[in-house]
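Residue numbers (the working numbering): 90 to 789.
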């Protein structure tokens, strides 16, 4: 019996060994599989790297970005024909150290891809919940700028790595850094390090100091946002960051760091502000800003070439606008040391396309300050249709409804009419047409400040919490608005209550035809009901026909709009900002006039009709050859509701200047007493913590 048992055990043992390999066998097999796989992957990677074509690096410049107008016709090429390359031997060591410190600290150690930097960026992005850091090396940036389209995909990133490896195998580090610095855009129209040194510091590259090198290195990431000409504090902060990184990486001593950060940024006084040779520089400037802010491209990606950008530009309207702004006789006389400036924009309310844009008078430097889109100023009474009358009409008020124009005190806030007179009982239509301030403030008080804030937001205006005061009715804003924002907002009235986001870019395609951005799919935003928009348009037609905006009238064309002025404190009738925003059914125009730097010696002293006059000339030229289109009729609106009731308002205003009563004192007395008491109680409660300053915003 026992031998049988042993035989059975041996059989079981053999079976067990056959079915379960030893750990050593598994380990050996795993090593073999991993090794073979790694060799295969590496071989495949090497084949892919070898297949990359980097011959473009031998060409002096990459392909230009091409801009097209609304009809698909080429209008401009963003090329870098003015680049003058420099050799690596010319680059000073502080510049080399500064650039590598901030852009790629292991540049001289890696082989095109820095796995440590990628890991740090990946970890930082995971923690931030979004893309906050990039792991691209200088070689990868060069590959991306010269060879690749700019879509945000993993495939593009992979191709970037392959190209970087191929570049590293064919060029030494010195040549790679040389090519990189020669093709970068440094802002202020400066392509390449040679132009940058000349533009900012008026010197050759080899004479750049440590501080100057750090300034230029800091510009690479965002040249327009960090230019010391327009943003000196941001430029200084960025320079100091670069210097700190250089110290931490052992590229400079602590003593060098302390000396460099204490130095002021001394810019070249010979920096050219001459008009750019580029066509339509202000329009192109806004297009670049839009591509960066709205579509996530970097400035260098837009400017480095290869893109096809289709815009909403109407070249005829743009040329008309530029001819208007070249005519000095249309503008008030300026002080000898500062030009009265202006910004204007023309937008098609039907699709939101920006047809023309002017960012300033005089020279037009590329990437200069754009007053059409970057300016932030108080809009004055141009704010009334948006923050007061539109929400009032939404709540059932009619143009014929009346309000008493009289002295008021809302918890310390005492608005005034610009004339110093009070006109008694006036209709909402009359109040808007003549731009009376007190009725607008009283109306906002009745409907509630929140209603005005909500309406402003729906019209696309981004207000601050500090704007939540009754001064909102008169455009007394903390930060202000731009002509572009006002044009988009007023476009709502022209398009039956729907707002189309204003835009220069219709579509962006890469050199390979890949669509990177598309604005044609944008849907209109419903803001107010069509009847409200049409009623307010009829009221704004009255502003131009018989009110404060008569200087903006276009013979033979229906036009509606609103004036806006903000007073200059401490002056007798001085004007800080002068606006006119108006529209026809097919075009909205917004014009601002004023000094860039307003003070006791620099403010407008002429008529507040200046902006309206510029608007009139601008629109007349822009609409030449365009069909005359009528505004939509307003259902149920009677002609008498949009007509001045009393031609003797001026006389009545003189009579009631002190008393502030209407024509029929007995009729108004009981109602006024009740209303005053109600308003006083509400004002004490709502306005106790409000900004009590008088915004001095007024309109003629």
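The beta carbon of each residue, even a glycine, is placed where N, CA and C say it ideally should be.
All figures in this text were calculated on a predicted structure; none of them were measured in a lab.
How should residue 588 be labelled, buried or exposed, when 16 other C-beta atoms within 10 angstroms of its C-beta is the threshold for buried?
-> As a working note, residue 588 is residue 499 in the chain shown. The residue in question, residue 588, is buried, as its Cβ has 16 or more Cβ neighbours within 10 Å.
Sequence-distant residues of the same chain with beta carbon closer than 6 Å to residue 265, five excluded per side = As a first step, residue 265 is located in the chain shown; it is residue number 176 there, counting from the start. For residue 265, where only same-chain residues beyond five positions count, the Cβ hits under 6 Å are 228.
On the three-state DSSP scale, how would you describe residue 274?
-> The count along the chain shown starts at 1 and reaches residue 274 at position 185. Correct three-state label for residue 274: strand.
Counting only the same chain and skipping the five closest in sequence on each side, list residues whose C-beta sits under 8 Å from that of residue 538.
-> As a first step, residue 538 must be located in the chain shown, where it is residue number 449. The residues are 557, 558, 559, 561, 775.
State yes or no: is the C-beta of residue 376 within less than 8 Å of the C-beta of residue 154?
-> Locating residue 376 in the chain shown gives position 287, where the first residue counts as 1. Locating residue 154 in the chain shown gives position 65, where the first residue counts as 1. Contact: no.
With DSSP run on the structure shown, which of helix, strand or coil describes residue 176?
-> Counted from its first residue, the chain shown places residue 176 at position 87. Three-state result, residue 176: coil.
Which residues does DSSP pair with residue 431 in a beta bridge?
-> As a first step, residue 431 is located in the chain shown; it is residue number 342 there, counting from the start. DSSP, once it has assigned bridges, lists 682 as partnering residue 431.
Whole-number beta carbon distance between residue 577 and residue 549, since they are thought to touch under 8 Å = The residue given as residue 549 occupies position 460 in the chain shown. The residue given as residue 577 occupies position 488 in the chain shown. Yes, they are in contact, since the Cβ atoms of residue 549 and residue 577 sit about 5 Å apart, within 8 Å.
Complete alpha helix (DSSP H) runs within the region 498 to 563 (minimum length 4 residues, chain order) | Listed in chain order, the complete alpha helix (DSSP H) runs (minimum 4 residues) inside the region 498 to 563 are 517 to 522, 526 to 536, 538 to 547.
From which residue to which residue does the alpha helix (DSSP H) around residue 160 run?
-> As a first step, residue 160 must be located in the chain shown, where it is residue number 71. Counting along the chain, residue 160 falls outside any alpha helix (DSSP H), and DSSP gives it neither H nor E.
From which residue to which residue does the beta strand (DSSP E) around residue 404 run?
-> By 1-based counting over the chain shown, the position of residue 404 is 315. That residue, residue 404, is in no beta strand (DSSP E); its alpha helix (DSSP H) goes 404 to 414.
In DSSP terms, what residue 443 is bridged to | Along the chain shown, read from residue 1 onward, the residue named residue 443 stands at position 354. Residue 443 pairs with 436.
Assuming residue 703 contacts residue 680 under a Cβ cut-off of 8 Å, what Cβ separation, rounded to an integer in Å, is found between them?
-> Walking along the chain shown from the start, residue 703 turns up at place 614. Walking along the chain shown from the start, residue 680 turns up at place 591. Their Cβ separation, rounded to whole angstroms, is 5 Å, which keeps residue 703 and residue 680 in contact under 8 Å.
To the nearest angstrom, how far is it from the Cα of residue 570 to the Cα of residue 194?
-> Taking the first residue of the chain shown as position 1, residue 570 is located at position 481. Taking the first residue of the chain shown as position 1, residue 194 is located at position 105. If you draw a straight line from the Cα of residue 570 to the Cα of residue 194, it is about 42 Å long.
Range covered by the beta strand (DSSP E) that runs through residue 605 | Sequence index remark: in the chain shown, residue 605 carries index 516 (1-based). Taken as a continuous stretch (DSSP letters only), the beta strand (DSSP E) holding residue 605 covers 604 to 607.
Which residue's Cα is closest to the Cα of residue 700: 572, 712, 399?
-> Walking along the chain shown from the start, residue 700 turns up at place 611. Residue 572 is the option with its Cα nearest to residue 700.
State the beta-bridge partners of residue 667 as determined by DSSP.
-> In the chain shown, counting from the first residue as 1, residue 667 sits at position 578. Answer is 654, 682, bridged to residue 667.
Express the C-alpha separation of residue 463 and residue 306 in angstroms, rounding to a whole number.
-> Here residue 306 refers to the residue found at position 217 of the chain shown. Here residue 463 refers to the residue found at position 374 of the chain shown. Each residue's alpha carbon lies about 26 Å from the other.
Would residue 690 be called buried (16 or more neighbouring beta carbons within 10 Å of its own) or exposed?
-> As a first step, residue 690 is located in the chain shown; it is residue number 601 there, counting from the start. Residue 690 is exposed by the Cβ-count criterion.
Check the DSSP bridge columns for residue 587 and list the partner residues they point to.
-> Translated into the one-based positions of the chain shown, residue 587 becomes position 498. According to DSSP, residue 587 bridges with 615.
DSSP beta-bridge partners for residue 598?
-> In the chain shown, counting from the first residue as 1, residue 598 sits at position 509. DSSP output for residue 598 lists 397, 604 as bridge partner(s).
Just grab the DSSP bridge partners of residue 166 for me.
-> To locate residue 166, count along the chain shown from 1; it is residue 77. BP columns for residue 166 point to 155.
Consult DSSP for residue 646 and reduce its assignment to one of helix, strand or coil.
-> Against the chain shown, residue 646 aligns to sequence position 557. Residue state, collapsed to three classes: coil.
Are residue 512 and residue 490 touching if we call contact CB-CB under 8 Å?
-> One-based indexing of the chain shown puts residue 512 at position 423. One-based indexing of the chain shown puts residue 490 at position 401. The answer is no: Cβ separation not under 8 Å.
Give me the Cα-Cα distance between residue 656 and residue 470, rounded to the nearest whole angstrom.
-> One-based indexing of the chain shown puts residue 656 at position 567. One-based indexing of the chain shown puts residue 470 at position 381. In this structure, the straight-line span from the alpha carbon of residue 656 to that of residue 470 is close to 11 Å.
Residue 356 vs residue 290 beta-carbon contact at 8 Å = Here residue 356 corresponds to residue number 267 of the chain shown, with the count starting at 1. Here residue 290 corresponds to residue number 201 of the chain shown, with the count starting at 1. Cβ atoms of residue 356 and residue 290: closer than 8 Å.
For residue 200, does the three-state DSSP call read helix, strand or coil?
-> One-based indexing of the chain shown puts residue 200 at position 111. Residue 200: coil per DSSP, three-state reduction.
If you draw a straight line from the C-alpha of residue 632 to the C-alpha of residue 717, how long is it?
-> Position 543 of the chain shown, counted from the first residue, corresponds to residue 632. Position 628 of the chain shown, counted from the first residue, corresponds to residue 717. So the two alpha carbons sit approximately 20 Å from each other.
Beta strand (DSSP E) containing residue 491: first to last residue?
-> Stepping through the chain shown from its first residue, residue 491 is reached at position 402. Note, residue 491: beta strand (DSSP E), 491 to 494.
When you compare only the Cα positions, how much space is there between residue 658 and residue 526?
-> Counting from one through the chain shown, the residue named residue 658 turns up at place 569. Counting from one through the chain shown, the residue named residue 526 turns up at place 437. Each residue's alpha carbon lies about 17 Å from the other.
Starting from the Cα of residue 437, find the closest Cα among 341, 382, 708 and give me that residue.
-> Stepping through the chain shown from its first residue, residue 437 is reached at position 348. Of the candidates 341, 382, 708, the one whose C-alpha sits nearest the C-alpha of residue 437 is 708.
Indicate the three-state DSSP secondary structure (helix, strand or coil) for residue 37 in the structure shown.
-> The structure shown has nothing for residue 37, since the chain only spans 90 to 789.
Pick helix, strand or coil for residue 112, following the three-state DSSP scheme.
-> Reading the chain shown from its first residue, position 23 is the one you call residue 112. Residue 112 falls in the helix class under three-state DSSP.
Name the two residues that bound the continuous alpha helix (DSSP H) containing residue 383.
-> Numbered from 1 along the chain shown, position 294 holds the residue referred to as residue 383. It spans 370 to 384 - the alpha helix (DSSP H) in which residue 383 sits, taken as one unbroken run.
Cβ pair residue 297, residue 474 closer than 8 Å = As a position in the chain shown, residue 297 is number 208, starting the count at 1. As a position in the chain shown, residue 474 is number 385, starting the count at 1. No; because the gap between Cβ atoms is not below 8 Å, this pair is not in contact.
Does the beta-carbon of residue 197 have 16 or more other beta-carbons within 10 angstroms, so that it is buried, or is it exposed?
-> Working through the chain shown from its first residue, we reach residue 197 at position 108. Exposed is the call here.
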